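**Student:** Everything in the sequence shown is counted per UniProt numbering, starting at 1 for the first residue and increasing by one.
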Amino acid sequence: MKQRHHGVRAGRVRCALLAAAALGLLAGCTSFSSSHEKRADAQLQPTVGAQARGAVTFVERPDGVQVTYNLAGLPPNSDHALQVHERVAGDLGNIHADANGVAAGFIVAPDLALDGVRSAMNRAALVHRDPSDPAFPQHGAGPALACGVIR
Numbered sequence: 001m002k003q004r005h006h007g008v009r010a011g012r013v014r015c016a017l018l019a020a021a022a023l024g025l026l027a028g029c030t031s032f033s034s035s036h037e038k039r040a041d042a043q044l045q046p047t048v049g050a051q052a053r054g055a056v057t058f059v060e061r062p063d064g065v066q067v068t069y070n071l072a073g074l075p076p077n078s079d080h081a082l083q084v085h086e087r088v089a090g091d092l093g094n095i096h097a098d099a100n101g102v103a104a105g106f107i108v109a110p111d112l113a114l115d116g117v118r119s120a121m122n123r124a125a126l127v128h129r130d131p132s133d134p135a136f137p138q139h140g141a142g143p144a145l146a147c148g149v150i151r
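1) On a Cα-Cα basis, can you pick out the residue from G148, A113 and Q66 that is closest to A124?
2) For A40 versus L114, is the C-beta spacing smaller than 7 Å?
3) Can you tell me which of the three DSSP states G148 falls into?
4) Locate the beta strand (DSSP E) running through R61, then write down its first and last residues.
5) Taking DSSP as the reference, what is the three-state secondary structure of S132?
6) Suppose the cutoff is 8 Å on Cβ atoms and the five residues either side in sequence are ignored; what does the same chain contact list for P76 look like?
7) Just the Cα atoms here: how many angstroms apart are I150 and A120?
8) Could you tell me the alpha carbon to alpha carbon distance between Q43 and Q83, rounded to whole angstroms?
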């Protein structure tokens, strides 16, 4: 009888230790992913004569930087180049404004980083009047409608 009691007690202790270890691992994974995430933001303000404004968030991922944008005040049903200026990947791609002049979504930029030589930090994020044409990058994308510093 005494051995059976000892076996049940040992089983409970073992179960409690396993549960505590599992909780510790889960808590560690959650805090690791959020506390070590490299992140930057840019608040885009309208340029002279434009009404576009919004936020662009940059989060470093294993496959590049996820660039999430939420912009308003763009011409309805229009396409625009989203770019980072100075020494980095530059053209992030084109974004589309809906019938209300709102563009929201994300782009993954594999050649962009938030530190090192490819860093976008302290660079300008811009939304241009026109879309970019990868076949003719020298043609540009027209004047900027909104810009902000990536911090």
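Every residue, glycine too, gets a C-beta built ideally from N, C-alpha and C.
Computed from a predicted model, the values in this text were never measured in an experiment.
**Tutor:** Judging by the given coordinates:
1) Of G148, A113 and Q66, the smallest CA-CA separation from A124 is found for G148.
2) It is a contact, given that the beta carbons lie within the stated cut-off.
3) Residue state, collapsed to three classes: strand.
4) Counting along the chain, R61 sits inside the beta strand (DSSP E) bounded by residues R53 to R61.
5) In this structure, DSSP gives S132 a state outside helix and strand, which the three-state scheme calls coil.
6) A97, D98, A99, N100 and G101, listed in sequence order.
7) Cα to Cα, I150 sits roughly 7 Å from A120.
8) Whole-angstrom Cα-Cα distance: 14 Å.
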